[in-house]
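Read left to right, the sequence shown gives residues 13 to 232 (the numbering used here).
Yeah, the Cβ is synthetic: ideal placement off N, Cα and C, and Gly gets one too.
Nothing here was measured: the structure is a model prediction, and the numbers come from that model.
Right, one structure below, let's go through it.
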Amino acid sequence: MRRVGFALLLGLALLGGLRADWDFSQISRKAAALYGPLGAGQQRIDAWQQLLATQKQLDEAQKLQVVNQFFNRQLRYEEDIDLWHEVDYWATPIQSLIKGAGDCEDYAIAKYFSLRRLGVAADKLRITYVKALRQNRAHMVLTYYSSPDAMPLVLDSLMDAIKPASQRPDLLPVYAFNGEGLWLTGATGNKKVGDTKRLSRWQDLLKKMQAEGFPAEPVY
């Protein structure tokens with residue numbers, strides 16, 4: 013009974029974390045303290061808050077469309093070396109909105125956390141590292157699985173249209189991750205190979221979000 017009781021309490025605690033409110037007034041205050049005056053970024057953060065508050069009633073397909081278009085329009089593409097003076101920097105959604113810019117992983121990260129906040133389960137979402145064959149370069153997208161064996165849909169910073177992966181032969185998947193695990197992808201299918209503790213940039217990202225006033229990791 014004690015074990016069952018502890019498991020139940022733990023489950024309720026994690027569920028409570030998932031439903032915990034995001035206090036955007038506190039988040040904006042902490043962001044300003046961390047990064048300086050928010051300027052036009054405050055309007056983009058307010059627009060994000062409005063989206064998250066008003067789009068929960070949509071079905072999942074509509075949520076994908078709304079979130080994909082929001083970040084594709086709010087952010088302009090800019091390389092990390094120009095924006096952050098680092099070769100590879102993973103920005104929080106707040107940092108991206110303050111800048112009004114980001115590179116491919118910043119779009120994917122912002123879309124992931126937005127859809128999680130709108131109630132899409134983590135096991136349906138993966139941030140996916142691919143090779144963009146036409147550009148001959150590394151790229152990152154967000155993929156959505158309606159069921160574990162479904163063909164994933166691709167949310168891409170390069171286009172507003174959300175297409176099944178089968179219609180994106182220009183993308184070669186390499187690995188994928190979310191808040192719950194890390195997968196290797198390829199012709200043989202998806203194979204879970206561990207958790208995201210192996211991804212130091214993901215762990216750093218979560219720490220930055222917590223410093224901005226977001227709840228602890230179980231929310232993700």
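Beta strand (DSSP E) segment containing residue i, residue limits
i: Thr155; result: Arg149 to Tyr156
i: Tyr187; result: Leu183 to Asn190
Simplified DSSP assignment, three categories, for residue i
i: Arg138; result: strand
i: Met171; result: strand
i: Tyr101; result: coil
i: Val166; result: strand
i: Ala133; result: coil
i: Trp96; result: coil
i: Gln107; result: helix
i: Gln81; result: helix
i: Leu218; result: helix
i: Glu224; result: coil
Residue i: first and last residue of the uninterrupted alpha helix (DSSP H) it sits in
i: Ala60; result: Note that residue 60 corresponds to Trp in the displayed sequence, not to Ala. It spans Gly53 to Thr66 - the alpha helix (DSSP H) in which Trp60 sits, taken as one unbroken run.
i: Glu117; result: Cys116 to Arg129
i: Ala162; result: Unbroken run through Ala162: none, as it is neither H nor E.
i: Lys209; result: Per DSSP, Lys209 belongs to no alpha helix (DSSP H) and is neither H nor E.
i: Leu46; result: Phe36 to Tyr47
Beta-carbon spacing of residue i, residue j below 8 Å
i: Asp168; j: Val186; result: no
i: Leu59; j: Gln86; result: The question names Leu, but residue 59 is Ala in the sequence shown. Yes, Cβ-Cβ distance for Ala59 and Gln86 is below 8 Å.
i: Gly224; j: Ile110; result: Rather than Gly, the amino acid found at residue 224 in this sequence is Glu. Cβ atoms of Glu224 and Ile110: not closer than 8 Å.
i: Leu137; j: Tyr124; result: yes
i: Gly206; j: Leu217; result: no
i: Phe36; j: Gln61; result: yes
i: Asp115; j: Glu98; result: no
i: Ala188; j: Ile139; result: yes
i: Glu192; j: Asp135; result: yes
i: Ala144; j: Asp182; result: yes
i: Arg88; j: Ala113; result: yes
i: Leu76; j: Leu170; result: no
i: Val78; j: Leu63; result: yes
i: Trp96; j: Glu117; result: no
i: Gly131; j: Lys68; result: yes
i: Thr155; j: Ala133; result: no
i: Leu8; j: Lys203; result: Residue 8 lies beyond the stretch modelled for the chain, which goes from 13 to 232, so this question has no answer here.
i: Tyr141; j: Ala150; result: yes
According to DSSP, residues forming a beta bridge with residue i
i: Leu196; result: Tyr187 and Lys203
i: Lys143; result: Ala150 and Leu184
i: Arg88; result: Ala113
i: Pro176; result: Leu165
Residue i: CB within 7 Å of a non-hydrogen atom of the ligand PLP
i: Gln54; result: Because no ligand of any kind appears in the structure shown, any question about the ligand PLP cannot be addressed here.
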